[in-house]
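Per numbering that gives the first Met the number 0, residue 0 is the first one in the sequence shown, and the count goes up by one each step. We put the beta carbon where it would ideally sit given N, CA and C, even for glycine. Below: the structure, in structure tokens.
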Amino acid sequence: MNVSRVLFWDTNYDTIDWDNNVRYIIERVVTYGNLSDWNSIQAYYGLDRIRDEMMQSRDLDRKTLSFLSCIFDIPKEQFRCFNTIQSNPGHWVY
0 MNVSRVLFWD TNYDTIDWDN NVRYIIERVV TYGNLSDWNS IQAYYGLDRI RDEMMQSRDL
60 DRKTLSFLSC IFDIPKEQFR CFNTIQSNPG HWVY
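Listed below in structure tokens is the structure:
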């Protein structure tokens, strides 16, 4: 797969198992990647697999959640991470 190596700064890129670490890979690309990275995972996994994996993710930030909600035309409330975001306030609540 042809995605930016910098997305996996904490992992040995050459040893990534693209089939067993699907959710981890997709989360990194949708959170930190660019359009060519998105196109690469879309070609490799397909939109249905990306949607299914991201619907079950617990660790999406608000911007990524909004992006995926628009792309897949699914309300944010249906993503698993939506409730996690709501129940975990930040450290610096004013």
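Asked	Found
Coarse secondary structure for ASN20, derived from DSSP in three states	coil
Check whether THR14 and ASP60 have beta carbons under 8 Å apart	no
MET54 beta carbon less than 8 Å from that of ARG27	no
Contact under 8 Å by Cβ, ARG57 with PHE71	no
Three-state class that DSSP yields for PHE71 in the structure shown	helix
Spatial distance of ASN20 from PRO74 (CA atoms)	26 Å
Inter-residue spacing [alpha-carbon to alpha-carbon] between ILE24 and LYS62	18 Å
8 Å Cβ cutoff met for GLY32 and SER3	yes
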